[in-house]
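Engineer: Each residue of the sequence shown is one higher than the one before, starting from 294 at the first, in my numbering.
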Amino acid sequence: MSRTTSFKLVLLGESAVGKSSLVLRFVRNEFSDFRESTIAAFLTQTVSLDENTAIKFEIWDTAGQERYKSLAPIYFRNSNAAVIVYDITQASFEKAKSWVRELQRQADPSIVIMLVGNKLDMESQRKTPREMGERFAQEEGLLFAEASAKSGDGVEVLFMEIAKKLPLA
Ligand code: GTP
Ligand code: MG
Numbered sequence: 294m295s296r297t298t299s300f301k302l303v304l305l306g307e308s309a310v311g312k313s314s315l316v317l318r319f320v321r322n323e324f325s326d327f328r329e330s331t332i333a334a335f336l337t338q339t340v341s342l343d344e345n346t347a348i349k350f351e352i353w354d355t356a357g358q359e360r361y362k363s364l365a366p367i368y369f370r371n372s373n374a375a376v377i378v379y380d381i382t383q384a385s386f387e388k389a390k391s392w393v394r395e396l397q398r399q400a401d402p403s404i405v406i407m408l409v410g411n412k413l414d415m416e417s418q419r420k421t422p423r424e425m426g427e428r429f430a431q432e433e434g435l436l437f438a439e440a441s442a443k444s445g446d447g448v449e450v451l452f453m454e455i456a457k458k459l460p461l462a
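1) Would you identify the three-state DSSP class for Leu317, choosing helix, strand or coil?
2) Any contact of the stretch 452 to 460 with the stretch 417 to 433, i.e. 3+ C-beta pairs under 8 angstroms?
3) Return the first residue and the last residue of the alpha helix (DSSP H) that Tyr471 is part of.
4) Which of helix, strand or coil does DSSP assign to Phe324?
5) Per the contact definition of three or more C-beta pairs closer than 8 angstroms, is the stretch 354 to 364 in contact with the stretch 339 to 346?
6) Since Asn411 sits in a beta bridge, which residues does DSSP pair it with?
7) Nearest by alpha-carbon distance to Phe319: which of Asp326, Thr337, Ile332 and Leu305 is it?
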């Protein structure tokens, strides 16, 4: 019989980088070109690591809009994992870096952080080179991925990578 362990995961990053879109692709395999800005949303998804082990993600999808920024610590304080998202076609990488710094100062030191460059389907409009994300992640000891919530490319695999890093009792 399979044993399920629950972990809390939070998504952070500037507004419109695609946090909600990544979660809805992962949880419901859905995508919409028109998505309203989030205040806060809670979703769950369970993945199996092997035939005996399942991981249940309890996901807080947070607001990227600046006016809700002060709420973020409520969501990341008890998180086991954080997905920090930027949009490879927009200037959102600096904001992602500042979320990393904030987690390093304020989150649980054991938190697993994954940096994600989203909107990989818009490669022709890329502004942030893959190497820039990769290098920063390596320097800071973060997991790194690029993905597209629109095509689904890289989405499931990024959550699986996080699942593999979480401490099973
Ligand atoms: P806030 O809730 O305001 O913080 O924004 P968010 O980060 O949750 O962004 P959201 O998922 O709402 O997506 C913003 C816009 O980007 C929407 O119009 C999405 O359809 C679009 N979008 C999200 N992911 C992708 C992607 O991978 N590719 C493309 N082309 N568009 C995307
Ligand atoms: Mg959102």
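Idealized CB from N, CA, C, for every residue including glycine.
Structural biologist: This is what the structure gives:
1) helix
2) The answer is no - the stretch 417 to 433 does not touch the stretch 452 to 460, with fewer than three Cβ pairs under 8 angstroms.
3) Outside the shown range of the chain (294 to 462) lies residue 471, about which nothing can therefore be said.
4) DSSP places Phe324 in coil when its eight states are reduced to three.
5) no
6) Asp380
7) Thr337
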